[in-house]
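Start counting the sequence shown at 2; every next residue gets the next number (the numbering used here).
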Amino acid sequence: MRGKFYSVGIGPGDAEYITLKAKRVIESADIIAVPVKKYGEKSTAFGIVRKAVDMGNKRVEEIEFSMDRDRSKRLQSRQDGVEKIARLLDEGNNVAMITLGDVSVYSTCTYVNRQIKCMGYENEIVSGIPSFCAAAARAGISLCEENETLAIIPALTSEENLDKALDGFDNVVIMKAGRNTDRIYSCLKRRGMIENAVVTSEIGMENELIEPIAQGGEYGYFTTVIITKKPIVTESGIIKERTEK
């Protein structure tokens, strides 16, 4: 009998963000599939899970997903990962693949789940807390109120697309922004919106950082920029509540 495949969002950083359902699914699965960019590397997601989940003698299988700039290599890596998971399912194992944040937001799990589903395997997606929601909560601001609109875009988008997002939406979330904050800053300065943006990095992790956007900042991979319709930073650089009283 084939096993069942679970795509499990574990939230961003803090083990307390893991939902009760995610914890239950991971603990009941036969195998935890851990996505890595290269076999043998440390997994941030797995490190978080180990703090909240009873591992027992749980079997752990690394699944390599290349981040090579060559798209054909990335696609082949995904296919190899899917085939490895399929073999584990064919052995009768229930497999839970973990991913930071939520499965539906820029997650490799999405590609895997789609292909596994097309191959006829039973599957389930377990939603997690999205990183940008946790970031907004930690910053003490809301992402959208009443009839406001919200756009979620990747940092690698063109400046033209960033302008379109800012023109077309009230509030904008830019994910994976670590290496692009200077470009984002320049765009906001040109538009007179510096006070409308905040940088959040490594939310829920040891080096968590929340600060006004500035030129020359150095941030890691887990960085999100939140831009809102109303200013969210005072002249002294302290983030303030943006809801009007």
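Don't be surprised by glycine CBs; every beta carbon is placed ideally from N, CA and C. Since the model is a prediction, treat every value here as computed from it, not as a measurement.
Per DSSP, reduced to three states, the secondary structure at S78 is helical. Judged by DSSP in its simplified three-state form, I204 adopts coil rather than helix or strand. Judged by DSSP in its simplified three-state form, Y107 adopts coil rather than helix or strand. Each residue's CA atom was taken as its position, placing E203 and A16 some 13 Å apart.
Around C145, the same chain offers L151, D171 and N172 as residues with beta carbons nearer than 8 Å, after the five sequence neighbours per side are excluded. Under the DSSP definition of a beta bridge, T229 lacks any partner. Collapsing the DSSP output to three states places R60 in a strand. By the neighbour-count criterion, in which 16 or more other beta carbons inside 10 Å mark a residue as buried, D71 falls on the exposed side. A Cβ-Cβ contact shorter than 7 Å links M206 with G14. With 16 or more other Cβ atoms inside 10 Å of its own Cβ, G4 counts as buried.
Between the segment 97 to 117 and the segment 28 to 39, the count of Cβ pairs shorter than 8 Å is three or higher; the stretches touch.
Minimum Cα-Cα distance from D31 among the listed residues I86, K177, D168 and K52 corresponds to I86.
Shown here, I153 sits in a strand according to DSSP, grouped into three states.
The Cβ atoms of A136 and T182 do not sit closer than 7 Å to each other.
Under the criterion of beta carbons closer than 8 Å, K177 and Y222 qualify as touching, at roughly 7 Å. Per DSSP, G221 lies in no beta strand (DSSP E) segment and is marked neither H nor E.
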